[in-house]
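Okay, structure first, notes after.
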Amino acid sequence: MMLQRSERGTDGIPAPLPVPNKNGHHNGTNGHHNGTNGHHAPANLRVSVVIPARDEAKSLPHVLGKVPRWVHEVILVDGLSVDDTSRVAKLELPAIRIVEQTGRGKGNALREGFVHCTGDVVVALDADGSMDPGEMDRFVEMLAEGHDYVKGSRMLPGASSSDLTKLRTAGNWIFRTLTNVLTGSRYSDLCYGYFAFRRGTVDALDLRSNGFEIETEINIRAHRAGLRIAEVPSCETERHHGSSQLHALRD
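1247 is the number of the first residue of the sequence shown in this note's numbering; add one for each residue after it.
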């Protein structure tokens, strides 16, 4: 089925994921794609969206209001919020599933959310409005083409970020270069948490991080597991309300 804001229909039966013509890393569409704005996900895949959130009641209406209607389910992992995060989420999207986080940290929240997913593919999305849910079809299209793991990049042609300072950009470049040299990967952006993967690969990813470092861990583990990886351009904006919980040297 599709998401319900006020009313929804039913989605199509998910098709099997095809195998790509060649293995390995693939860069995305440079911002130009034949996405779908209709009522069906690319290839009729059932898409689960996991949103870790802590005290994001002011940002959630903007984020949830832009989630494509063809999404199968949205799972919000509430990390001990002291505001109305869960209530606002339910008001904006009655079909949303609320999971009360039992641990702490973004990585823990994502891992707890992944356990509850029932879709064919999983998309991770931040609750602060810095990631555009409207880009989601780019990720799902690449999965439908046969890739196992797709990540957003702020560094590809057609991508951008209004939140990257010179210090963060330099730190990202140094860390990315070292990681690519040491692991043999070819990522253009390591420290960005907009990603998607086939749900059946979650065991191979074997994620263990509890904090923001999960954004880097999943990239390294996807490469080491031999998954078919793609990057797509993504435009990061400043969070809608409040201040970032990231530290410049960690991002």
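Just so it is clear, CB atoms sit at the ideal spot from N, CA and C, and this is done for glycine as well.
All values derive from a computational prediction rather than experimental measurement.
DSSP places Pro1307 inside the alpha helix (DSSP H), whose first and last residues are 1306 to 1310.
The C-beta distance from Val1369 to Gly1359 rounds to 11 Å, too long to fall under 8 Å, and the pair is not in contact. Looking at Asp1324, His1362, Leu1339, the one whose alpha-carbon comes closest to that of Thr1348 is Asp1324.
With a beta-carbon spacing of about 6 Å, Val1320 and Leu1339 fall inside the 8 Å limit used to define contacts.
For Ala1468, the enclosing alpha helix (DSSP H) begins and ends at 1460 to 1470. Between Phe1421 and Leu1402, the alpha-carbon positions lie close to 17 Å from each other. The Cβ neighbour count for Thr1423, taken over all protein chains shown within 10 Å, is under 16; the residue is labelled exposed. Residue pairing by DSSP puts Gly1398 in a beta bridge opposite Val1478. In the displayed model, Asp1383 falls within a helix according to three-state DSSP. Val1386 places its beta carbon 9 Å or farther from that of Ala1468. Excluding the 5 residues flanking it on each side, Ser1434 has same chain C-beta neighbours closer than 7 Å at Ser1399, Met1401, Leu1402, Glu1477, in chain order. Annotation: Leu1428 to Asn1418 spans about 15 Å, alpha carbon to alpha carbon. In terms of Cβ geometry, Leu1356 and Ala1335 do not form a close pair [threshold 9 Å]. Distance from Glu1484 to Ser1408 at the Cβ level is roughly 5 Å; contact confirmed, criterion being Cβ atoms closer than 8 Å.
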